[in-house]
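Written below as structure tokens is the structure these notes are about.
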């Protein structure tokens, strides 16, 4: 499968990306990251873009791990003998 080029903007920076995923999906991911960074920026005062990016990444990682834990617990429930 050939990678498709998608240009996205995150926190004021333009990123030309290549992905196997559909362009709309990549844009949705970029919007999620951009929204998260803007939310962090509103809550902080003078952090650099890098620090805002790291804090946003930590928030997204926290959400990911909580969802993964819930998912794993649901799978375990489904696998229990009846």
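In the working numbering, the protein residues as written are 1238 to 1319.
Heads up, the beta-carbon is just placed ideally off N, CA and C, and yes, glycines get one too.
Straight-line CA distance for residue i to residue j?
i            : j            : result
residue 1316 : residue 1304 : 18 angstroms
residue 1300 : residue 1259 : 23 angstroms
residue 1289 : residue 1265 : 19 angstroms
residue 1298 : residue 1276 : 15 angstroms
residue 1292 : residue 1314 : 33 angstroms
residue 1294 : residue 1283 : 18 angstroms
residue 1312 : residue 1285 : 40 angstroms
residue 1320 : residue 1278 : One cannot answer for residue 1320 here, as it falls past the ends of the chain, which runs 1238 to 1319.
residue 1254 : residue 1318 : 46 angstroms
Starting from the Cα of residue i, find the closest Cα among the options and give me that residue.
i            : options                : result
residue 1296 : 1257, 1318, 1280, 1309 : 1280
residue 1240 : 1308, 1252, 1256       : 1256
residue 1267 : 1318, 1311, 1243, 1312 : 1243
- Message: At 3 residues or longer, what runs of the beta strand (DSSP E) sit wholly inside the stretch 1239 to 1263?
- Response: 1241 to 1247, 1250 to 1256
- Is the number of C-beta pairs between the stretch 1240 to 1247 and the stretch 1264 to 1284 that are closer than 8 angstroms three or more? yes
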